[in-house]
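These notes concern the structure reproduced below.
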Amino acid sequence: MRVTLQFMLSKFAIAWMFALVTVNFNRVAILEVGLSAIIIATMIGLYPLFGPMQPLFGRLTSRYPIFGYRRSPYLLLGLLMGALIFPPMPSVLQAMSEGALWAMATGFVLFFIFGAAIALMANTYLDLIAECTEAQQRSSVFAAAWTGQTLIIVVWAGIFRWLMPEFSYESMQFLYSLTPFVVMALGLLSVLGLEKRRSKTELAELLKLDAEKAIDHNPIGESLRLLSGNLAAQKFFLFVALCFMGIFSQDLLQEILGGEVFAMSVGESTIFQQIFNGTVTIGMGLTAAFGAKLMGEPRLKTPALPLEKRKTLAAYSGFGATLSFLFISLAIVKETLPLLYAAMALNGLCVGVFTFCAVTMMSDMTVEGETGKYLGLWSIAQALGLGLSFLVSGILHHVLVRSAVFSSTAIGYAMIFLIEAGFMLWCVLALRPTSVEKLRLQASRT
Numbered sequence: 001m002r003v004t005l006q007f008m009l010s011k012f013a014i015a016w017m018f019a020l021v022t023v024n025f026n027r028v029a030i031l032e033v034g035l036s037a038i039i040i041a042t043m044i045g046l047y048p049l050f051g052p053m054q055p056l057f058g059r060l061t062s063r064y065p066i067f068g069y070r071r072s073p074y075l076l077l078g079l080l081m082g083a084l085i086f087p088p089m090p091s092v093l094q095a096m097s098e099g100a101l102w103a104m105a106t107g108f109v110l111f112f113i114f115g116a117a118i119a120l121m122a123n124t125y126l127d128l129i130a131e132c133t134e135a136q137q138r139s140s141v142f143a144a145a146w147t148g149q150t151l152i153i154v155v156w157a158g159i160f161r162w163l164m165p166e167f168s169y170e171s172m173q174f175l176y177s178l179t180p181f182v183v184m185a186l187g188l189l190s191v192l193g194l195e196k197r198r199s200k201t202e203l204a205e206l207l208k209l210d211a212e213k214a215i216d217h218n219p220i221g222e223s224l225r226l227l228s229g230n231l232a233a234q235k236f237f238l239f240v241a242l243c244f245m246g247i248f249s250q251d252l253l254q255e256i257l258g259g260e261v262f263a264m265s266v267g268e269s270t271i272f273q274q275i276f277n278g279t280v281t282i283g284m285g286l287t288a289a290f291g292a293k294l295m296g297e298p299r300l301k302t303p304a305l306p307l308e309k310r311k312t313l314a315a316y317s318g319f320g321a322t323l324s325f326l327f328i329s330l331a332i333v334k335e336t337l338p339l340l341y342a343a344m345a346l347n348g349l350c351v352g353v354f355t356f357c358a359v360t361m362m363s364d365m366t367v368e369g370e371t372g373k374y375l376g377l378w379s380i381a382q383a384l385g386l387g388l389s390f391l392v393s394g395i396l397h398h399v400l401v402r403s404a405v406f407s408s409t410a411i412g413y414a415m416i417f418l419i420e421a422g423f424m425l426w427c428v429l430a431l432r433p434t435s436v437e438k439l440r441l442q443a444s445r446t
């Protein structure tokens, strides 16, 4: 329980920064400051694209331990790097609104740093899970950490609303300057006593073992090698990447939708993330508690269900999410907030079930002896999907909303969520051929 809670605290720290970017920064930059959605989406979308650097950081942390620890200090370093980009951000945005080219360049540099920090955090986090948990508990730890991350965003959004009910550079500066203190406090609590301190002899043996495994391979090459010749791995990688792109494209747009269609303030529009992430958490929790019983396996925990039964759960929830996106489009066209809230709640519930199943599947889609590499590969797929989700949402907003191609802003947003429905339906269909047996069989032949 203590180990699971500590992995959740790491996710809480990371979630504060993610929430600040997707709940506050995007809305302020695009609506209040008036910057182009494509520029901001591209800027935000850069950080997940650092995902392929994760194996490189994995080798770095293994080769250069700090005070006998190979992972924990680097997790803290990543958290610190990521948190420190926020205090200068309000001044940068203000200068960008005035057309300063140096500010535009600085904004991109800050998100480059954020991307490197997230990649470092993600790799060390996954390595810590691989090294500090047993195989039989790994699925449960993953599920609890993901559920906790989603739930805490509801809390963080409420705090953001309290600290910044209306936009002003002063309130934004206070909120962003608070970030390093919150993130590092949670980060320190998450690593205390988690990782075993190694002696010099143990570190030398581990380094030798890592070197033997990595002969003639660079870290990124190792990740690509897992995909080479393994069609099952390629399909699952594509499934993870495109699902994250389809599901999370709405993240950049929810608060902007509230401002442009329903004239909601910065504080008021946080309700969308609270509804969505709150119901996602409920969906995950219900799946964890009752998923196995629903599938006729009351003696098992849901993460321990056979893969085929988790795929069935994911398929039903995916169809529900597709339907909810259609309801969201209808609510936007009618400009009816109660219907929109209900549709977003249904969407969150279904996405929660789908995500729970997908995340636990990722922990199973591994090969003995290469668990960490496969978990890193799926993490890269998540990062790529998340980065593409920002880019796609920015482009869709510019083409369908900002360019006024339709008679009203509401219709433009409705079209975006219809496209989301199409993505979700594809995710359901793409899940069907997923098989851990095929993955391992094809891996043994490469």
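The opening position of the sequence shown corresponds to residue 1 in my numbering, with each subsequent residue numbered one higher. The C-beta atom is built at its ideal place from N, Cα and C for all residues, glycine as well. Note that the coordinates shown come from a computational prediction; the quantities given were computed from them, not determined experimentally.
Quick one: give me the first and last residue of the alpha helix (DSSP H) that residue i is part of.
i, result
"isoleucine 271", "270-294"
"phenylalanine 167", "Neither: phenylalanine 167 is in no alpha helix (DSSP H) and is coded neither H nor E."
"leucine 123", "The identity of residue 123 in the sequence shown is asparagine, whereas the question assumes leucine. Per DSSP, asparagine 123 belongs to the alpha helix (DSSP H) from 101-132."
"proline 73", "72-83"
"glutamate 308", "307-334"
"methionine 43", "37-46"
"glycine 372", "371-397"
"aspartate 364", "337-364"
"isoleucine 256", "254-262"
"methionine 89", "89-97"
"tyrosine 413", "409-431"
"lysine 235", "231-248"
"isoleucine 14", "2-19"
"serine 265", "Counting along the chain, serine 265 falls outside any alpha helix (DSSP H), and DSSP gives it neither H nor E."
"serine 444", "436-445"
Do you know offhand how far residue i's Cα is from residue j's?
i, j, result
"threonine 106", "phenylalanine 86", "12 Å"
"threonine 302", "tryptophan 16", "28 Å"
"threonine 109", "glycine 283", "Before going further, note that residue 109 is valine rather than threonine in the sequence given. Looking at the two C-alpha atoms, the distance is approximately 37 Å."
"glycine 372", "lysine 438", "19 Å"
"alanine 232", "valine 359", "17 Å"
"alanine 345", "leucine 60", "42 Å"
"methionine 424", "isoleucine 411", "20 Å"
"serine 228", "lysine 235", "12 Å"
"alanine 130", "leucine 46", "27 Å"
"histidine 397", "tyrosine 316", "29 Å"
"threonine 270", "glycine 187", "25 Å"
"leucine 313", "glycine 291", "8 Å"
"serine 408", "glycine 387", "28 Å"
"lysine 309", "leucine 252", "32 Å"
"glutamine 406", "lysine 311", "Note that residue 406 corresponds to phenylalanine in the displayed sequence, not to glutamine. For phenylalanine 406 and lysine 311, the distance between alpha carbons rounds to 38 Å."
"valine 351", "valine 280", "6 Å"
"aspartate 216", "glutamate 368", "With a pLDDT of only 47 at aspartate 216, under 50, the local geometry of the prediction cannot be trusted, and the value read off the model is given with reservation. Cα-Cα distance, rounded: 21 Å."
"alanine 331", "methionine 264", "16 Å"
"threonine 42", "proline 48", "11 Å"
"serine 450", "leucine 294", "Within the shown structure, residues of the chain are numbered from 1 to 446, placing residue 450 beyond reach of any answer."
Out of the options, state which residue places its alpha-carbon closest to the alpha-carbon of residue i.
i, options, result
"phenylalanine 248", "Gln273, Leu84, Phe142 and Val266", "Gln273"
"glycine 115", "Ile380, Val428 and Ala443", "Ile380"
"alanine 288", "Ala143, Arg440, Ala100 and Thr42", "Ala143"
"leucine 257", "Leu31, Val399 and Met96", "Leu31"
"leucine 101", "Leu120, Leu128 and Ile39", "Ile39"
"arginine 2", "Glu297, Leu323, Ser190 and Cys357", "Ser190"
"tyrosine 374", "Arg71, Leu84, Leu186 and Val240", "Val240"
"methionine 8", "Tyr69, Pro65 and Tyr125", "Tyr125"
"phenylalanine 167", "Phe237, Gln250 and Gly267", "Gly267"
"threonine 147", "Leu400, Thr4 and Pro433", "Thr4"
"glutamine 382", "Arg161, Arg432 and Ile118", "Ile118"
"asparagine 347", "Met172, Ile328 and Leu242", "Ile328"
"serine 435", "Ala421, Ala342 and Pro306", "Pro306"
"phenylalanine 25", "Tyr176, Ala304, Val141 and Leu349", "Tyr176"
"arginine 440", "Pro298, Val333 and Leu226", "Leu226"
"valine 182", "Phe160, Tyr169, Thr201 and Ala145", "Phe160"
Measure how close the beta-carbons of residue i and residue j come, nearest whole angstrom, since I'm counting them as under 8 Å.
i, j, result
"phenylalanine 354", "alanine 321", "6 Å"
"leucine 84", "valine 28", "Leucine 84 to valine 28, Cβ: 19 Å. No contact."
"isoleucine 152", "phenylalanine 325", "So it is not a contact: roughly 25 Å between Cβ atoms."
"cysteine 427", "glycine 318", "6 Å"
"methionine 89", "isoleucine 113", "Actually they do not touch by this definition, with Cβ atoms about 12 Å apart."
"valine 33", "serine 72", "At roughly 38 Å, the Cβ-Cβ gap does not stay under 8 Å, so valine 33 and serine 72 are not in contact."
"leucine 194", "glycine 385", "Not quite, the Cβ-Cβ distance comes to about 28 Å (not below 8 Å), so this is no contact."
"arginine 482", "proline 65", "Outside the displayed range of the chain (1 to 446) lies residue 482, so it cannot be described from this structure."
"methionine 121", "isoleucine 44", "With 8 Å as the limit, methionine 121 and isoleucine 44 do not qualify as a contact, their Cβ atoms being about 17 Å apart."
Against chain C, with Cβ distances strictly below 8 Å, would residue i count as a contact?
i, result
"methionine 1", "Protein chain content of the structure displayed is limited to a single chain, and chain C is not contained in it."
Report yes or no: do the stretch 355-369 and the stretch 329-339 share at least 3 C-beta pairs separated by less than 8 Å? With the cut-off at 8 Å, the stretch 355-369 and the stretch 329-339 do not touch.
At least 3 beta-carbon pairs within less than 8 Å: the stretch 413-425 vs the stretch 68-84: no
Does the structure place the stretch 386-397 close enough to the stretch 234-249 that three or more beta carbon pairs sit under 8 Å? yes
At least 3 beta-carbon pairs within less than 8 Å: the stretch 148-163 vs the stretch 11-26: yes
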